[in-house]
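In the numbering used here, the protein residues as written are 3 to 155. Here a beta-carbon is modelled for each residue, glycine too, at the ideal position from N, C-alpha and C. In what follows, a single structure is set out as structure tokens and then discussed.
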Amino acid sequence: MSVAAQVVKKFINDPETVVPEALAGVAAAHPGLVRVDLEKQLVLRADAPVAGKVGLVSGGQYTGQFAVAAYEETHDGATFIPVEQDGGSGTAGSHWDEQALINELMTGYINGDTSTTTVNDNYLSKFSVMSLADLGYKVTYSDYAYDGTPTIT
Ligand SMILES: [Ca+2]
Ligand SMILES: [Ca+2]
3 MSVAAQVVKK FINDPETVVP EALAGVAAAH PGLVRVDLEK QLVLRADAPV AGKVGLVSGG
63 QYTGQFAVAA YEETHDGATF IPVEQDGGSG TAGSHWDEQA LINELMTGYI NGDTSTTTVN
123 DNYLSKFSVM SLADLGYKVT YSDYAYDGTP TIT
């Protein structure tokens, strides 16, 4: 059995403009639903901001209001949380950016040697917890530290 050569047809725009063109296409296709910020490469609800609703993730920026407010506490002036753009489909666009947030638990990769210790340097941040509020969950958050010595009272 022979395998015929596959002819792959592609239409590729200029790499420098393909993302803005794609975003403009989304805006043109759904003008009543979304609007596009081409400079920041964001697609937003047409009626945004809506209190308690998630900001869309696009171009590597998470803009949910509760998580961003928590993130800003430790990252002065931040208006978004960087989202991973590297890795496979389960990582890119789904996790916080590894290069920016390294040991935060919701980055795409666990850091360090976790085989010999019960506590490692990875941590769950307040902004990850508060991202649940962006999704509409009730969140009660208070600062709590665990140093590897559980105390049960
Ligand atoms: Ca990255
Ligand atoms: Ca990590």
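Alpha-carbon spacing of E106 relative to E41, whole angstroms: Locating residue 106 in the sequence shown gives position 104, counting from the first residue. Locating residue 41 in the sequence shown gives position 39, counting from the first residue. Roughly 28 Å between the two C-alpha positions.
Contacts around S144, its chain only, beta-carbon distance under 8 Å, and the 5 residues preceding and following it disregarded: On the sequence shown, residue 144 is found 142 positions in, with the first residue counted as 1. Same-chain partners within the cutoff: there are none.
E86 beta carbon near ligand 1 (any heavy atom closer than 6 Å): On the sequence shown, position 84 is the one that residue 86 refers to. Yes, Cβ of E86 sits closer than 6 Å to a heavy atom of ligand 1.
Buried or exposed (CB count within 10 angstroms, at least 16 for buried), K128: For the purposes of this step, residue 128 is identified with residue 126 of the sequence shown, where counting begins at 1. The residue is buried, with at least 16 neighbouring Cβ atoms inside 10 Å.
Residues near Y73 by beta carbon distance below 6 Å, same chain, minus five either side: As a working mapping, residue 73 is identified with position 71 in the sequence shown. The answer, listed in chain order, is A80, I83, F129.
Alpha carbon of Q101 to alpha carbon of G114, nearest angstrom: Counting from 1 along the sequence shown, the entry for residue 101 is found at position 99. Counting from 1 along the sequence shown, the entry for residue 114 is found at position 112. Cα to Cα, Q101 sits roughly 14 Å from G114.
Helix, strand or coil at Y125 according to DSSP, with G and I counted as helix: On the sequence shown, position 123 is the one that residue 125 refers to. DSSP places Y125 in strand when its eight states are reduced to three.
Heavy atom of ligand 3 within 6 Å of Q63 beta-carbon: Here the bound small molecules are ligand 1 and ligand 2; ligand 3 is not part of this structure.
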